[in-house]
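Just so you know, the sequences run in chain order V and X. Here this note's numbering is used: position 438 in the first sequence is 438, and no number is missing along the way. Positions in the second sequence are counted from 1; adding 1000 to them yields this note's numbering.
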Amino acid sequence: MRPFFLTAVVLALLVPTVVAGGLFERHYIAQAFTVSEDLRVARTTEFAALRYQLDEETGVRGFAATRDPLFLGPYRDARANLPPTLDALPLDLAKVGIGDTPLVADLAATNATWVRTVAEPLLAPRSRDDAAIERRGKNIVDRYRTDIAQLDSLLRDRQNQVDVEAQSAINRIVVLMLASAFLIVLVAVASVLQQNRLGARLEDQRLRAEAEERRNLELRAAFDVEKRIADTLQDAFVQRPLPSHPMLTFSATYVPASEEAKVGGDWYDAVEIGEQRVLFTLGDVEGHGIEAAVTMNRARQALTTAALTGGDPAAVLTRVNGELLRSEARMVTAVVGYADAGSYEFAYATAGHPPPILLEPGREPRMLACGGLPLGVMENARYAVERVQSVPGALLVLYTDGAVEHSHDVVAGEDVLLGAVVTASRSSERDIASRIHANIFEGRQVGDDVAILTIGFGRHPAAGAAKRIA
Amino acid sequence: MNPAPTIGVIALSGELDLARRTELQEVLRLRDVHASILVDLSAVTYADSSILAELLRFRADAARRKVAVALLITTRQLSRLVQYAGLGDAFAIYDDRGAALSYLSEAAG
């Protein structure tokens, strides 16, 4: 809006200046006209004074030469008119700024001298030396003419002066007008340019906003697509159905930190291998999103495949570590193992993962051993198999770090988790995993994704034994 | 117990999580002048898995450059987290500064 403000200011200053200047100069010019008119009047009076003197002289000389009274008429008229004319002359001169000149007084004196020494002797009935008198008369009249000429020169100078003043006033008006016009054109051009620039800027802004909007929409769309894919992957991966087994009970839950980040890279799996053994894996991929989901899928697939093709849990982890290193995947923590429904034995190995919890009937729950580097970080990482001989009714709880690190106090987190496991095991709830999660986060903020998988040995060993025999 | 001048000490403190990962990467950038490095984690109260992963990458980098690394861990919090992550397999971990430094000066020598 600044250029418009500037234009307004310039015009606001310009218009009064031009008007005032115009009025001022108009006054000058009007004055010049008045003075010119007065000058014209003064010159008329001045010429009248000259004419009357010449009329007087002509009359007198005519009469002197001819003695014809015809010449006395003009002489007498001029004689009557000259004094008032010479009386008016100083007033007219004063009006045009030529006051107090001795010339007027000299004119009157010269005429009086001429009348006395030339006209009256020549008009007398008997003239003596006409020629001498006429010579003297010519000299006197010349003096009169000279006075008039000087006076006229004064008047012409004054006229010139007035003309010059009027001309410069006119020049000033022209200059003022031209300058105003130039300034107005300048401001107009500047304002148009400015407006164009403003317009261009606005247009630029609009285009940029549109591009931004489009990009946001695209990002949003991409995000939606990614989220849909990731959600689908997550749903498909995480919520794989758990086996139903006569001697083993399973429960599992996966709770993302938020609906926005539904894909966390956590997973769990339980797969029957033969009649008595179940393979279990649970893990966590560093980060979120599709990439994490892809790594999760790869790790989980590799672990399952490696386990199904044989080998103990440590060998499985070693193989998968190598595969992940080769594919330059993200860091993965995992626990992989087998539960044997016949012998009540667990065998497992961990890779950078928190320890499994074992809850046996009539005992305090305990954290089992853990160790081994995360998968996909270091060559030659070593993993150890942990074997746990357990009892009927025992419950193995596997979980991701979100279940213990929610307060960033892992020591307190372990106590909370152990308490949650005990409470959940005592409830009649079949879905122990969900119960554990609910117990942990009762009155707490869920800070990270949490996956929990529980595997329970049946309380009736006879059923298992019978089946084994069968 | 005389720390050799070639032992670099990187002292970290507070909660280390994803938000401080870049900072950690800066700090852990290996300085070649040191034959061995002590990473002092005694003032660290928490480290998430991304930080532990960063420490492991640092360890691998150091191993390639033949730089010995020891971790100083004095809190139960961190020693538990480090146990989860299995870092004992990759690092020399000490709960005593003197012992860590003497290990490092020996390794450097």
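Virtual Cβ for every residue (Gly too), placed ideally from N, Cα, C.
Exercise for the section: Measure from the alpha carbon of Ala329/V to the alpha carbon of each residue in Ala1053/X, Arg1064/X and Ala1099/X, then state which is nearest. Expected result: Residue 329/V sits at position 329 when you count from the first residue of the first sequence. Of the listed residues, the one whose Cα sits closest to Ala329/V is Ala1053/X.
Handout entry: Counterpart residues of Trp267/V in DSSP-defined beta bridges
Key = Along the first sequence, read from residue 1 onward, the residue named residue 267/V stands at position 267. Answer is Gly283/V, bridged to Trp267/V.
Exercise for the section: Give a yes or no on contact between the stretch 432 to 442 of chain V and the stretch 369 to 379 of chain V, applying the rule of three or more CB pairs nearer than 8 Å. Expected result: Not touching, per the Cβ criterion.
Problem - Terminal residues of the alpha helix (DSSP H) in which Gly402/V lies - result: The residue given as residue 402/V occupies position 402 in the first sequence. Careful: Gly402/V lies outside any alpha helix (DSSP H) and carries neither H nor E.
Exercise for the section: Tell me, please, which residues DSSP counts as bridged to Ile1093/X. Expected result: Counting from one through the second sequence, the residue named residue 1093/X turns up at place 93. In the DSSP output, where bridge partners are listed per residue, Ile1093/X has Leu1071/X.
Practice task
Output, in chain order, the set of chain V residues within a Cβ distance shorter than 7 Å of Leu1071/X.
Solution key: The residue labelled residue 1071/X in the question sits at position 71 within the second sequence. The contacting residues do not exist; Leu1071/X stays about 14 Å from chain V at best.
Exercise for the section: Note down the Cα distance separating Asp1048/X from Gly456/V, rounded to an integer number of angstroms. Expected result: To locate residue 1048/X, count along the second sequence from 1; it is residue 48. To locate residue 456/V, count along the first sequence from 1; it is residue 456. Straight-line Cα distance between these residues: approximately 30 Å.
Problem - Spatial distance of Gly137/V from Asp87/V (CA atoms) - result: For the purposes of this step, residue 137/V is taken as residue 137 along the first sequence, with counting starting at 1. For the purposes of this step, residue 87/V is taken as residue 87 along the first sequence, with counting starting at 1. Distance between the alpha carbons of Gly137/V and Asp87/V: 23 Å.
Exercise for the section: Out of Leu1081/X, Tyr1094/X, Ser1050/X and Ala1070/X, state which residue places its alpha-carbon closest to the alpha-carbon of Ala1035/X. Expected result: Here residue 1035/X refers to the residue found at position 35 of the second sequence. Closest option to Ala1035/X, judged by alpha-carbon separation, among Leu1081/X, Tyr1094/X, Ser1050/X and Ala1070/X: Ala1070/X.
Exercise for the section: Tell me where the alpha helix (DSSP H) around Leu418/V begins and ends. Expected result: On the first sequence, residue 418/V is found 418 positions in, with the first residue counted as 1. First-last of the alpha helix (DSSP H) with Leu418/V: Val410 to Arg426.
Problem - Straight-line Cα distance separating Ala252/V from Val397/V - result: Reading the first sequence from its first residue, position 397 is the one you call residue 397/V. Reading the first sequence from its first residue, position 252 is the one you call residue 252/V. So the alpha carbons of these two residues sit roughly 10 Å apart.
Problem - Identity of the residue in Arg158/V, Glu379/V, Gln53/V and Gly59/V nearest Gly99/V by Cα - result: Sequence index remark: in the first sequence, residue 99/V carries index 99 (1-based). Minimum Cα distance to Gly99/V is reached at Arg158/V.
Practice task
Tell whether a beta-carbon distance below 8 Å holds between Leu50/V and Gly59/V.
Solution key: Here the question's residue 50/V lines up with position 50 in the first sequence. Here the question's residue 59/V lines up with position 59 in the first sequence. No.
Problem - Leu1104/X versus Asp1089/X: straight-line alpha-carbon distance, rounded - result: In the second sequence, residue 1104/X corresponds to position 104, counting from 1. In the second sequence, residue 1089/X corresponds to position 89, counting from 1. Leu1104/X and Asp1089/X: Cα-Cα distance of roughly 17 Å.
Exercise for the section: For His27/V, count neighbouring Cβ atoms within 10 angstroms of its own Cβ and tell me buried if that reaches 16, exposed if not. Expected result: If you number the first sequence from 1, residue 27/V lands on position 27. His27/V comes out exposed.
Problem - Within 8 Å of chain V by C-beta, residues of the stretch 1045 to 1069 of chain X in sequence order - result: Thr1045, Tyr1046, Asp1048, Ser1049, Ser1050, Leu1052, Ala1053, Leu1056, Arg1057, Arg1059 and Ala1060
Exercise for the section: Please specify which runs of the alpha helix (DSSP H), each continuous and at least 4 residues long, are wholly inside the stretch 1001 to 1054 of chain X, giving them in chain order. Expected result: 1021 to 1028
Exercise for the section: Output yes or no for whether 8 Å exceeds the beta carbon distance between Glu46/V and Tyr75/V. Expected result: In the first sequence, the residue the question calls residue 46/V occupies position 46. In the first sequence, the residue the question calls residue 75/V occupies position 75. Result no, Cβ atoms of Glu46/V and Tyr75/V do not sit closer than 8 Å.
Practice task
Give the secondary structure of Leu368/V by DSSP, where H, G and I count as helix, E and B as strand, and everything else as coil.
Solution key: Taking the first sequence and counting its residues from 1, one reaches residue 368/V at position 368. In this structure, Leu368/V counts as coil in the three-state DSSP scheme.
Exercise for the section: Run down chain X in chain order and give the residues with a C-beta less than 8 Å from the C-beta of Thr454/V. Expected result: In the first sequence, the residue the question calls residue 454/V occupies position 454. Near Thr454/V there are no residues of chain X at all, since even the closest Cβ is about 19 Å away, more than 8 Å.
Handout entry: Beta-carbon contacts of Asp449/V that lie in its chain and below 6 Å, excluding the five residues immediately before and after
Key = What you label residue 449/V is simply residue 449 of the first sequence in a count that begins at 1. Excluding positions up to five away in sequence, the list reads Pro256, Ala257, Gly264, Asp266 and Gly402.
Handout entry: Cβ-Cβ distance between Ile1073/X and Leu1024/X below 8 Å
Key = Counting from one through the second sequence, the residue named residue 1073/X turns up at place 73. Counting from one through the second sequence, the residue named residue 1024/X turns up at place 24. No, they are not a contact pair.
Practice task
Keeping to the same chain, check which residues put their C-beta closer than 7 Å to that of Glu1015/X; ignore five residues upstream and five downstream.
Solution key: Walking along the second sequence from the start, residue 1015/X turns up at place 15. So the qualifying residues of the chain are Thr1045 and Tyr1046.
Exercise for the section: Consult DSSP for Gln167/V and reduce its assignment to one of helix, strand or coil. Expected result: Taking the first sequence and counting its residues from 1, one reaches residue 167/V at position 167. Note: Gln167/V maps to helix in three-state DSSP.
Handout entry: Own chain residues within Cβ distance below 6 Å of Ala1011/X, not counting five before or after
Key = Residue 1011/X sits at position 11 when you count from the first residue of the second sequence. Cβ within range, chain order: Asp1040.
Practice task
Please check the pair Gly283/V and Arg300/V, which I expect to be a contact at CB under 8 Å, by giving their CB distance rounded to whole angstroms.
Solution key: Here residue 283/V refers to the residue found at position 283 of the first sequence. Here residue 300/V refers to the residue found at position 300 of the first sequence. 7 Å between Cβ atoms; contact.
Practice task
Would you decide whether Val164/V is buried or exposed? Buried here means 16 or more other CB atoms lie within 10 Å of its CB.
Solution key: Locating residue 164/V in the first sequence gives position 164, counting from the first residue. Looking at its Cβ environment, which holds fewer than 16 other Cβ atoms inside 10 Å, Val164/V is exposed.
Practice task
Please check if any C-beta of chain X sits within less than 8 Å of the C-beta of His353/V.
Solution key: Mapped onto the first sequence, residue 353/V falls at position 353. Yes, His353/V counts as interfacial toward chain X.
Problem - For Glu56/V, the three-state DSSP class (helix, strand or coil) - result: By 1-based counting over the first sequence, the position of residue 56/V is 56. If DSSP states are grouped into helix, strand and coil, Glu56/V belongs with the helices.
Exercise for the section: Taking only the alpha-carbon atoms, compute the straight-line gap between Ala30/V and Gly21/V and give it to the nearest angstrom. Expected result: The count along the first sequence starts at 1 and reaches residue 30/V at position 30. The count along the first sequence starts at 1 and reaches residue 21/V at position 21. Near 14 Å, if we compare the C-alpha coordinates of Gly21/V and Ala30/V.
Practice task
Please confirm whether Asp485/V and Gln276/V have their CB atoms less than 8 Å apart.
Solution key: The structure shown has nothing for residue 485/V, since chain V only spans 1 to 470.
Handout entry: Neighbourhood of Glu25/V by C-beta, 7 Å cutoff - its chain only, sequence neighbours within 5 removed
Key = Along the first sequence, one-based indexing puts residue 25/V at 25. Closer than 7 Å at the Cβ level, and outside the excluded window around Glu25/V, lie Ala169, Arg172 and Ile173.
Practice task
Quick one: residues in its chain with C-beta nearer than 8 Å to the C-beta of Val96/V, no 5 flanking neighbours on either side, listed in chain order?
Solution key: The residue you call residue 96/V lines up with position 96 of the first sequence. Counting only Cβ-Cβ distances below 8 Å, and skipping sequence neighbours, we find Val35, Asp38, Leu39, Ala42, Leu155 and Arg158.
Handout entry: Local conformation of Ile148/V per DSSP, three classes
Key = Position 148 of the first sequence, counted from the start, is the residue given in the question as residue 148/V. Reduced to three states, the DSSP call for Ile148/V is helix.
Practice task
List the endpoints of the continuous beta strand (DSSP E) containing Glu345/V.
Solution key: As a working mapping, residue 345/V is identified with position 345 in the first sequence. Per DSSP, Glu345/V belongs to the beta strand (DSSP E) from Glu345 to Ala351.
Practice task
Give the DSSP bridge partners of Ala252/V, in chain order.
Solution key: Translated into positions along the first sequence, residue 252/V becomes position 252. Its beta-bridge partners are Leu453/V.
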